[in-house]
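In what follows, a structure is listed as structure tokens, so that the remarks can point back to it.
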DNA sequence: TTGAAAGCGCTAACAC
DNA sequence: GTGTTAGCGCTTTCAA
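Residue numbers (our numbering), protein chains in the order written: chain A, 22 to 374; chain B, 22 to 374.
Here it is in structure tokens:
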């Protein structure tokens with residue numbers, strides 16, 4: 022941007038309402054010429070000298086293009102919309118960060134509209150619909166839907182009107198492309214890490230067994246074990262509420278098994294907190310007596326636990342970025358790779374294994 | 022919105038590009054009439070019957086107003102912009118939530134533009150300026166600046182062009198109105214809580230003594246003590262890094278004092294985590310042997326510690342809402358109450374006192 | 001190379 | 001009550 026290098030005169034700054042015509046007049050050229058240089062139009066030979074005069078006029082007048090007018094005339098807004106419950110329930114904030122960074126790079130604007138987790142799947146889709154509608158009124162060129170936790174969702178019908186991509190969730194009606202974490206690979210990575218440290222008997226603190234995260238992560242755990250010629254002892258897999266207390270109780274049950282494991286795979290970090298307590302209560306040391314690995318990488322938890330929790334991270338930021346990239350492709354009419362893109366969950370080594 | 026109650030015919034939905042003229046034609050009225058009923062204009066007697074015909078036309082055609090065109094013609098965008106580092110460093114996310122909820126209520130859109138904490142105060146204001154500029158190009162009617170932690174900031178000059186309010190930070194140049202937490206009252210509340218439980222000798226784990234949060238909270242603590250005819254023992258006030266480790270070290274120093282306190286006021290929750298460890302290490306129980314109170318209410322920490330941490334909350338959401346309310350007043354040409362609005366920090370009782 | 005002219009979809013006087 | 005008329009600030013043919 023030229024404007025950021027030199028600033029317009031103080032007087033000019035105050036005097037808003039400078040239009041393109043003013044610039045043209047000041048530079049002694051036509052509005053078309055100004056439009057051309059400002060939008061960097063190709064093969065439209067404008068002399069270097071004219072271009073310079075225009076740029077200069079822009080600066081001294083403190084001209085600032087009117088994005089709305091431009092959008093109206095060109096019939097493209099350069100806007101994407103994202104409707105998400107993440108602002109409401111700040112867990113996967115990095116999705117927004119990732120999407121926004123990418124949009125910023127692509128010189129697009131991201132309109133963020135709030136949604137409401139409670140309504141996201143149920144019949145009561147009030148906020149979703151309203152948000153989508155609002156976004157569409159702004160003439161966004163693409164729509165993103167992002168959820169705090171991996172699940173199936175129903176997207177308002179009107180979303181079909183522009184390219185739409187789901188992030189950290191998938192279309193329960195199976196039509197829209199989505200971007201989700203590769204839970205299975207993540208589960209595998211976690212258990213492989215444990216195996217690498219010599220653990221052979223592994224306990225698993227499970228989530229609600231029906232949600233995609235639980236299904237995938239457990240499958241991955243089994244994959245790893247199988248590859249090593251081992252298998253999961255069903256006695257050592259216990260589900261609990263996805264909270265510290267739930268983790269505590271599940272851990273107690275596992276630790277008190279007559280033949281207890283030497284390592285614990287907690288399907289999320291919150292439950293790992295509870296597991297820590299159960300372990301310490303029994304006078305065991307982490308990781309010497311028992312190793313613990315988590316999932317989610319909730320920084321505030323994982324990095325502040327003592328010892329710091331080794332865990333598998335959810336690729337929120339990457340999913341966000343991939344979301345807008347996919348939208349870019351879609352709006353450009355390009356084919357996309359797959360209906361569902363799986364994103365890797367990287368292992369974060371800390372000190373609990 | 023009428024549209025959300027009945028949905029347009031499937032065919033109509035597909036066929037985008039329905040304009041107000043189409044609606045007028047379909048309803049057999051003028052565009053003006055349509056514009057009037059759609060924008061709920063007052064004292065412009067349109068017969069109930071006409072109005073009904075128009076609404077119906079809107080529905081069957083699946084008409085959706087073009088917000089950009091409307092903005093261009095009416096010269097008001099109904100947009101506010103917020104530039105913040107919060108998306109980058111997700112701590113005070115509730116500011117965004119509060120602002121967004123309020124904006125939504127007021128039927129305004131909030132454009133969120135990312136900023137970069139590192140650059141926020143220094144000479145290198147690259148992102149800030151670019152974000153502000155972008156927002157202004159969208160013709161936002163007001164600007165919000167929000168910081169993750171309470172401090173002085175420099176706002177790009179161009180922000181002066183529209184009403185601007187600072188949230189959780191203040192204008193180092195002292196011109197712009199701001200909304201910040203009442204740190205002093207918060208510190209007072211914390212220590213009063215401790216006094217209420219009979220504690221007389223209180224230790225303080227301090228932050229960097231120069232930042233507004235530290236200054237205010239400590240002052241508040243002193244206020245409370247003074248009111249009770251007590252004073253702070255300087256030996257028992259020790260500053261540390263604002264981390265768990267910093268808290269641990271400071272706590273050790275305080276706890277090993279020959280005449281140790283019976284309660285600890287940690288100026289933030291992260292440091293409280295470390296304090297917990299130091300306390301447990303010494304075989305002391307919370308709150309029986311020593312009470313602990315924090316500050317910040319970082320849910321993930323405060324609610325998962327054992328015992329759960331009693332703490333003082335930062336009113337992020339409220340500040341966000343107040344921010345847009347202030348903007349509303351400003352854009353409406355109303356006077357605002359004060360240059361700096363202080364927002365209360367409520368006490369959150371849990372189990373550590 | 002540049003300019004004229006039409007029009008994007010809407011609002012808002014003002015006249016009918 | 002309703003229609004006419006000008007724009008809002010810009011892009012984009014099409015001619016010059």
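By construction, the Cβ of each residue, glycine as well, lies at the ideal position given by its N, Cα and C atoms.
What you are looking at is a predicted structure, and each value in this text was computed from that prediction instead of being measured.
Q.
Looking at chain A, is there any beta carbon in it that lies within less than 8 Å of the beta carbon of residue 325(B)?
A. On the second chain, residue 325(B) is found 304 positions in, with the first residue counted as 1. It does; some Cβ of chain A falls within 8 Å.
At a CB-CB cut-off below 9 Å, which residues of chain A make contact with residue 55(B)? In the second chain, residue 55(B) corresponds to position 34, counting from 1. Those within 9 Å of residue 55(B) in chain A number zero; the least Cβ separation is about 16 Å.
| request: Hey, could you find the ends of the alpha helix (DSSP H) residue 269(A) is sitting in? | output: To locate residue 269(A), count along the first chain from 1; it is residue 248. Counting along the chain, the alpha helix (DSSP H) containing residue 269(A) begins and ends at 265-276.
Does residue 127(B) have its Cβ less than 8 Å from a Cβ in chain A? Within the second chain, numbered from 1, the residue matching residue 127(B) stands at position 106. By this cut-off, residue 127(B) is not an interface position.
Can you tell me where the beta strand (DSSP E) holding residue 199(B) begins and where it ends? Translated into the one-based positions of the second chain, residue 199(B) becomes position 178. Residues 199-202.
To test your reading of the DSSP string, which unbroken beta strand (DSSP E) runs of 3 or more residues are found completely within the stretch 36-85 of chain A? Taking only runs of at least 3 residues, no beta strand (DSSP E) segment lies wholly in the stretch 36-85 of chain A.
* Determine the contact status of residue 290(A) and residue 330(A), defining contact as a CB-CB distance below 8 Å. => To locate residue 290(A), count along the first chain from 1; it is residue 269. To locate residue 330(A), count along the first chain from 1; it is residue 309. Between residue 290(A) and residue 330(A), the CB-CB gap stays under 8 Å.
Self-check item: chain A contact for residue 367(B) (CB, 8 Å cutoff)
Solution: Position 346 of the second chain, counted from the start, is the residue given in the question as residue 367(B). No, residue 367(B) lies away from the interface with chain A (no Cβ there is under 8 Å from its Cβ).
When the cut-off is 8 Å and only beta carbons count, does residue 77(B) lie next to chain A? Residue 77(B) sits at position 56 when you count from the first residue of the second chain. Residue 77(B) has a beta carbon lying at 8 Å or more from every beta carbon in chain A.
Open item on the list: How far does the beta strand (DSSP E) with residue 227(B) in it extend, from its first residue to its last?
Closed with: Position 206 of the second chain, counted from the first residue, corresponds to residue 227(B). Where residue 227(B) is concerned, the enclosing beta strand (DSSP E) stretches over 223-227.
Taking a Cβ distance cut-off of 8 Å, strictly less, list which residues of the stretch 86-115 of chain B are near chain A, in chain order.
Residues 86, 87, 88, 89, 90, 92, 93, 98, 108, 109, 111, 114, 115.
Selected residue, minimal CA-CA separation from residue 122(B), among 122(A), 115(A), 110(A) = Counting from 1 along the second chain, the entry for residue 122(B) is found at position 101. Checking every option, the nearest Cα to that of residue 122(B) belongs to 110(A).
Consult DSSP for residue 153(A) and reduce its assignment to one of helix, strand or coil. Taking the first residue of the first chain as position 1, residue 153(A) is located at position 132. Of the three classes helix, strand and coil, the one that applies to residue 153(A) here is helix, per DSSP.
Counting only beta-carbon atoms, is residue 222(A) nearer than 8 Å to chain B? Locating residue 222(A) in the first chain gives position 201, where the first residue counts as 1. Residue 222(A) does not count as touching chain B.
Out of 371(B), 345(B), 372(B), which one is the CA nearest neighbour of residue 162(B)? As a position in the second chain, residue 162(B) is number 141, starting the count at 1. Among 371(B), 345(B), 372(B), the Cα nearest to that of residue 162(B) is on 345(B).
(message) Please give the ranges of any beta strand (DSSP E) in the stretch 87-123 of chain A, keeping only runs that are unbroken, at least 3 residues long and fully inside the region.
(response) As far as the stretch 87-123 of chain A is concerned, its whole beta strand (DSSP E) runs of at least 3 residues are 100-105.
Original post:
Which whole-angstrom value describes the C-beta separation of residue 295(A) and residue 265(A), a residue pair presumed to lie in contact below a C-beta threshold of 8 Å?
Top reply: For the purposes of this step, residue 295(A) is identified with residue 274 of the first chain, where counting begins at 1. For the purposes of this step, residue 265(A) is identified with residue 244 of the first chain, where counting begins at 1. Your pair residue 295(A) and residue 265(A) checks out as a contact, with CB atoms roughly 4 Å apart and the cut at 8 Å.
In whole angstroms, what is the alpha-carbon distance linking residue 277(A) and residue 224(A)? As a position in the first chain, residue 277(A) is number 256, starting the count at 1. As a position in the first chain, residue 224(A) is number 203, starting the count at 1. Approximately 11 Å, taken between the alpha carbons.
- Task: Mind reading off the beta-carbon distance from residue 157(B) to residue 132(A)? Whole number of angstroms is fine, and I expect it under 8 Å.
- Result: Numbered from its first residue, the second chain carries residue 157(B) at position 136. Numbered from its first residue, the first chain carries residue 132(A) at position 111. Cβ-Cβ separation between residue 157(B) and residue 132(A): approximately 16 Å, too far for a contact (criterion under 8 Å).
Check: Taking the alpha-carbon positions, what's the residue 101(B) to residue 352(B) distance?
Finding: Position 80 of the second chain, counted from the start, is the residue given in the question as residue 101(B). Position 331 of the second chain, counted from the start, is the residue given in the question as residue 352(B). When rounded, the distance between both Cα atoms is 10 Å.
Task: Cβ-based contacts, 8 Å cut-off: residues of the stretch 151-178 of chain A near chain B - done: Within the stretch 151-178 of chain A, the residues whose Cβ lies closer than 8 Å to some Cβ of chain B are 151, 154, 155, 157, 158, 159, 160, 178, listed in chain order.
Next item on the list: State buried or exposed for residue 23(A), treating a residue as buried only when at least 16 other CB atoms are found within 10 Å of its CB.
Entry: Walking along the first chain from the start, residue 23(A) turns up at place 2. Note that residue 23(A) scores a pLDDT of 30, beneath 50, so its modelled location is shaky; the value from the coordinates is reported in the next line. Answer is exposed; the Cβ neighbour count stays below 16.
Q) Going along the chain, which residues of its own chain have a beta-carbon closer than 8 Å to the beta-carbon of residue 227(A), five neighbours each way excluded? A) Residue numbering aside, residue 227(A) sits at position 206 when the first chain is read from its first letter. Counting only residues of its own chain and dropping the five nearest sequence neighbours on each side, residue 227(A) has a CB closer than 8 Å to the CB of 235, 239, 258, 259, 260, 261, 271, 288.
- residue 121(A) touches chain B at which residues, Cβ-Cβ below 8 Å? Position 100 of the first chain, counted from the first residue, corresponds to residue 121(A). For residue 121(A), the C-beta contacts it makes with chain B under 8 Å involve 108, 133, 135, in order along the chain.
query = Okay, do the stretch 79-90 of chain B and the stretch 295-311 of chain B touch, 3+ Cβ pairs below 8 Å being the bar?
reply = No, they do not touch.
| message | Spatial neighbours of residue 39(A) within its chain, please: C-beta separation below 8 Å, excluding the five flanking residues on both sides. | response | For the purposes of this step, residue 39(A) is taken as the residue at position 18 of the first chain. Exclusion of the five residues before and after residue 39(A) leaves 33, 82, 83, 84, 85 as the residues of its chain whose Cβ lies within less than 8 Å of its Cβ.
Notebook entry, point to check: Comparing alpha-carbon positions, which option in 189(B), 182(B), 180(B) lies nearest residue 172(B)?
Noted result: Within the second chain, numbered from 1, the residue matching residue 172(B) stands at position 151. Comparing alpha carbon positions, the residue from 189(B), 182(B), 180(B) closest to residue 172(B) is 189(B).
Pull up the DSSP beta-bridge partners for residue 172(A), would you. Taking the first chain and counting its residues from 1, the one referred to as residue 172(A) is at position 151. Residue pairing for residue 172(A): DSSP places it in a beta bridge opposite 190(A).
Starting from residue 265(B), find everything on chain A with Cβ-Cβ shorter than 7 Å and list it in chain order. Working through the second chain from its first residue, we reach residue 265(B) at position 244. Taking a Cβ-Cβ threshold of 7 Å, the residues of chain A close to residue 265(B) are 325, in chain order.
request  = Using a cut-off of 8 Å between C-beta atoms, extract the partners of residue 319(B) located in chain A.
outcome  = Taking the second chain and counting its residues from 1, one reaches residue 319(B) at position 298. Listed along the chain, the chain A residues whose CB falls inside 8 Å of the CB of residue 319(B) are 321.
Q.
Going by DSSP in three states, residue 166(B) sits in which element: helix, strand or coil?
A. For the purposes of this step, residue 166(B) is identified with residue 145 of the second chain, where counting begins at 1. Taken through DSSP and simplified to helix, strand or coil, residue 166(B) comes out as strand.
Helix, strand or coil: how does DSSP classify residue 283(A) here?
Locating residue 283(A) in the first chain gives position 262, where the first residue counts as 1. In the three-state reduction of the DSSP assignment, residue 283(A) falls in the coil class.
Would you kindly report the start and end of the unbroken alpha helix (DSSP H) that includes residue 348(A)?
If you number the first chain from 1, residue 348(A) lands on position 327. Element bounds for residue 348(A): 337-352.
Between residue 88(B) and residue 93(A), how many whole angstroms is the CB-CB distance? I'm expecting something under 8 Å. Numbered from its first residue, the second chain carries residue 88(B) at position 67. Numbered from its first residue, the first chain carries residue 93(A) at position 72. With a beta-carbon spacing of about 10 Å, residue 88(B) and residue 93(A) fall beyond the 8 Å limit used to define contacts.
**Report entry** Members of the stretch 281-295 of chain B near chain A, C-beta cut-off 9 Å
**Finding:** Correct list: 291, 294, 295.
Run down chain B in chain order and give the residues with a C-beta less than 8 Å from the C-beta of residue 130(A). Mapped onto the first chain, residue 130(A) falls at position 109. The answer, in chain order, is 132, 155, 159.
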